[in-house]
Every structure is written in C-alpha cells, then in structure tokens.
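To keep things clear, I will list the structure first and then write my remarks on it.
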Amino acid sequence: MNLDKNWFSEINPQFGVAFSLQIKEKLHEEQTQYQKISIYDTTDFGKLMTIDDLFMVTDRDNFLYHEMMSHIALFTHPNPRHVVIIGGGDCGTLREVLRHPTVEQATQVEIDERVTRLSEHYFPSLCESNHDPRANLLFDDGIQWMADAPDQSIDVIIIDSTDPVGPAEGLFNLAFYRQCRRVLREDGILVQQTESPLLHLPLLQSVHQAMRAAEFKNTRTFQFPLCTYPSGWWTGTMAGNGDLTQFRVEAAQNKTFATQYYNTEIHQASFALPNFMQQAFS
Ligand code: SAM
8 MNLDKNWFSE INPQFGVAFS LQIKEKLHEE QTQYQKISIY DTTDFGKLMT IDDLFMVTDR
68 DNFLYHEMMS HIALFTHPNP RHVVIIGGGD CGTLREVLRH PTVEQATQVE IDERVTRLSE
128 HYFPSLCESN HDPRANLLFD DGIQWMADAP DQSIDVIIID STDPVGPAEG LFNLAFYRQC
188 RRVLREDGIL VQQTESPLLH LPLLQSVHQA MRAAEFKNTR TFQFPLCTYP SGWWTGTMAG
248 NGDLTQFRVE AAQNKTFATQ YYNTEIHQAS FALPNFMQQA FS
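The numbering of the sequence shown is the working numbering, which starts it at 8 and goes up by one.
Shown next as structure tokens:
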C-alpha cells in the first residue's frame with residue numbers, strides 16, 4: 008500500500024497489478040486480532056473499506072457484488088427460508104438477502120466484529136437491515152460454526168469471505184464444502200465468491216473440483232464486473248444437487264425490491280462464460 012499524496016493503491020505484486028482510488032482523507036484505521044481495517048473517504052467512490060490493504064467495499068460499486076452474491080442463488084433456490092452468510096461483515100449481502108420475502112431467517116457469521124461495527128458507522132446504508140427481526144448476527148469463525156451446525160437445516164449458504172488466505176483459507180476446501188453439504192437440505196444451494204477469472208483461474212478450478220468431491224452434483228460459475236477488485240472482473244460459484252440452470256424467472260421479474268444491477272437477463276447472461284473458462288471447468 009502506498010499513500011502517495013492523495014491516492015490509495017492496492018498492490019498485488021504476485022499478479023503484477025495495482026489499482027488506485029483518489030482519496031480525500033483516511034478516516035480510521037485499527038488492527039484487530041484478525042486483520043487491519045482501514046476506512047478512507049475517496050473523491051469519487053464514496054467511503055472505502057480495506058482489510059489488510061486490500062479493497063473490500065466502496066459506496067459506489069458494492070452493489071455489483073452484493074446483488075450478484077445474493078439474488079442469483081436465492082432466485083435459483085425453489086423456496087429459500089433459512090440462509091447463512093459466512094463472512095459478509097460489511098452487511099451488504101445480509102441486506103440483499105433480507106429483501107426476499109421468502110426468507111424467514113438470515114444468519115451472518117463474521118469472524119471479526121469490528122468489521123461490522125465500523126461498517127455500521129461508515130456504511131450505514133449497507134447495515135440498514137441489521138435490526139430486521141429475521142437477522143441473526145453472530146461473531147464467530149465460519150468454519151467452526153458450520154462444523155457445529157445441524158444436518159439439513161439450511162436452504163442457502165453464501166460464502167462472502169476475504170481472499171483464501173489467513174482466516175478465510177479454510178473456507179475454500181473439501182473439508183468445509185463437505186460440512187456445507189451436510190448442513191444444507193437436499194435442494195440446498197451453496198454460493199461462494201470465487202475471485203477473478205483472469206488472475207485466479209487455478210483457484211476456480213480447484214473450487215469446482217472440491218465442491219464436486221464434496222458430493223455436490225452440479226457446480227456453476229457466474230461472472231460480473233467489479234471495478235475495485237483485482238482485474239475488475241469477478242465471479243461467484245454455485246453448487247447444488249438440483250438444476251442450477253433454472254431459476255424462478257417470474258419471481259425475479261416480479262420482485263418487490265429494486266436492484267441496480269441484477270435482473271433476469273443479467274442472471275442468465277452471467278453464466279455465459281468465455282472459452283478459456285469453459286475449458287477450465289470441463
Ligand atoms: N466482498 C468482500 C470480498 O469479496 O473480498 C468480502 C466482504 S466481507 C468484508 C469479508 C469478510 O470475511 C471479512 O469481514 C472477514 O473478517 C470475514 N472472514 C474471513 N474469514 C472468515 C471466517 N473463517 N469466518 C467468518 N468470517 C470470515
């Protein structure tokens with residue numbers, strides 16, 4: 008990270024890439040027991056949260072991520088009532104999940120409470136549903152929570168974690184996916200943020216392999232733009248035993264809430280993958 012004059016840069020030397028936002032000022036920084044959390048005010052992207060100097064969320068483009076990490080899986084599931092979010096501490100995914108009238112309970116398991124407390128202060132719109140009676144905010148390791156969760160108790164699991172390093176590393180492997188399979192009901196769906204197709208293709212391949220080894224019959228990756236993440240091109244990967252190519256089109260078309268990015272055409276189009284990805288997942 009270099010705070011050269013009034014720019015913040017996320018530098019990824021392993022990929023030879025960096026991305027910068029012009030900033031007005033740094034508003035906050037603290038080292039928690041898990042990570043360093045920083046908050047900036049930017050000239051054109053609103054507030055910015057970084058974790059260990061990696062872009063996490065901005066006011067301006069978080070909708071791309073939070074809508075796609077929620078609505079694709081929730082409209083694919085036939086009747087999502089019980090949802091669990093692993094990570095998601097900025098609470099944007101929780102807000103989108105709770106827009107669905109079928110959802111009876113949304114549990115968020117975030118390892119670092121300080122992420123949520125800072126988000127409540129600096130990103131209040133992302134946290135507007137935190138006091139919904141259906142919301143259940145827990146501060147725990149998602150790996151342990153899943154290991155302790157009862158069999159066949161959840162309809163949709165959303166893994167909205169940081170990159171597969173540090174506390175999030177154990178969220179991207181066979182052992183964890185096996186627990187998710189056990190905790191999901193038969194028609195349950197798992198969806199995970201699975202990084203950039205351009206920079207992290209081997210990871211994406213290993214996620215598909217591990218999810219299938221965990222006895223998820225079907226896996227599907229969808230793609231979407233995300234300006235502030237490395238390469239500006241991001242993915243989510245779904246796993247389930249049902250047909251992941253079908254979704255509740257009418258419910259999505261007649262949804263009772265507004266979205267800035269997600270719609271039924273985007274839902275379908277996001278699964279149209281370029282040749283290099285199709286080959287990688289075949
Ligand atoms: N949208 C972001 C992205 O794609 O990088 C993720 C948003 S959210 C801030 C990521 C959260 O995952 C962080 O708050 C981090 O504390 C949390 N996290 C990482 N490992 C975790 C674990 N094992 N259990 C629960 N939460 C975890």
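For each residue, glycine too, the CB sits at the ideal point set by N, CA and C. A quick note: this is a predicted structure, and the numbers were derived from the prediction, not measured.
Residue i: which of the options sits nearest, CA to CA?
{"i": "G96", "options": "L178, T244, E127, F223", "result": "E127"}
{"i": "G243", "options": "F130, R106, I196", "result": "I196"}
{"i": "M245", "options": "Q199, H207, F283", "result": "Q199"}
{"i": "V214", "options": "D194, P171, R192", "result": "P171"}
{"i": "D60", "options": "H73, V256, E17", "result": "E17"}
{"i": "I118", "options": "Q267, R141, K224, G94", "result": "G94"}
{"i": "R121", "options": "H89, Y269, Q38, L191", "result": "Q38"}
{"i": "A182", "options": "S160, R192, K262, Q216", "result": "Q216"}
{"i": "T65", "options": "D158, Y129, Q285, A156", "result": "Y129"}
{"i": "V190", "options": "I161, G173, T201, E202", "result": "I161"}
{"i": "F62", "options": "T169, D155, A156", "result": "T169"}
{"i": "T201", "options": "L34, M284, P131, H89", "result": "M284"}
{"i": "M90", "options": "Q159, G23, A258", "result": "The residue you asked about is not Met; residue 90 is Val in the sequence shown. Ranking the options by Cα distance to V90, first place goes to Q159."}
{"i": "L34", "options": "P157, R141, Y184, G53", "result": "G53"}
{"i": "P157", "options": "Q21, N225, F264, R192", "result": "R192"}
{"i": "D155", "options": "E257, R185, Q21", "result": "R185"}
Please confirm whether any heavy atom of the ligand SAM lies closer than 7 Å to the CB of residue i.
{"i": "Y41", "result": "yes"}
{"i": "L205", "result": "no"}
{"i": "V24", "result": "no"}
{"i": "P131", "result": "no"}
{"i": "L178", "result": "yes"}
{"i": "D60", "result": "no"}
{"i": "D119", "result": "yes"}
{"i": "M284", "result": "no"}
{"i": "T83", "result": "no"}
{"i": "Y47", "result": "no"}
{"i": "Y268", "result": "no"}
{"i": "T169", "result": "yes"}
{"i": "I150", "result": "yes"}
Do residue j and residue i have their beta-carbon atoms positioned less than 8 Å apart in this structure?
{"i": "S77", "j": "V110", "result": "no"}
{"i": "N86", "j": "A113", "result": "no"}
{"i": "L81", "j": "H107", "result": "yes"}
{"i": "R227", "j": "L210", "result": "no"}
{"i": "P281", "j": "W240", "result": "no"}
{"i": "S238", "j": "L206", "result": "yes"}
{"i": "I79", "j": "H274", "result": "yes"}
{"i": "A287", "j": "Q212", "result": "yes"}
{"i": "N248", "j": "D194", "result": "yes"}
{"i": "E74", "j": "Q267", "result": "yes"}
{"i": "M153", "j": "C98", "result": "no"}
{"i": "Q40", "j": "I58", "result": "no"}
{"i": "E32", "j": "S45", "result": "no"}
{"i": "Q115", "j": "L125", "result": "no"}
{"i": "T83", "j": "F254", "result": "yes"}
If I'm right that residue i touches residue j with Cβ under 8 Å, what's the distance once you round it to whole angstroms?
{"i": "N19", "j": "Q29", "result": "Rounded, the Cβ-Cβ distance is 19 Å, inconsistent with contact."}
{"i": "F26", "j": "L55", "result": "Going by Cβ atoms, the distance from F26 to L55 rounds to 11 Å, so no, they are not a contact pair."}
{"i": "F229", "j": "S277", "result": "4 Å"}
Check whether the stretch 133-143 touches the stretch 158-169, taking contact to mean three or more Cβ pairs, one atom from each stretch, closer than 8 Å. Here the stretch 133-143 makes no contact with the stretch 158-169; the two share fewer than three CB pairs at distances below 8 Å.
Is the stretch 167-178 touching the stretch 138-153, taking contact as three or more C-beta pairs under 8 Å? Touching, per the Cβ criterion.
Do the stretch 224-240 and the stretch 58-71 touch if we need at least three Cβ pairs shorter than 8 Å? The stretch 224-240 vs the stretch 58-71: in contact.
Hey, is the stretch 220-228 in contact with the stretch 38-51, meaning 3+ C-beta pairs nearer than 8 Å? Touching, no, given that fewer than three Cβ pairs across the two stretches are closer than 8 Å.
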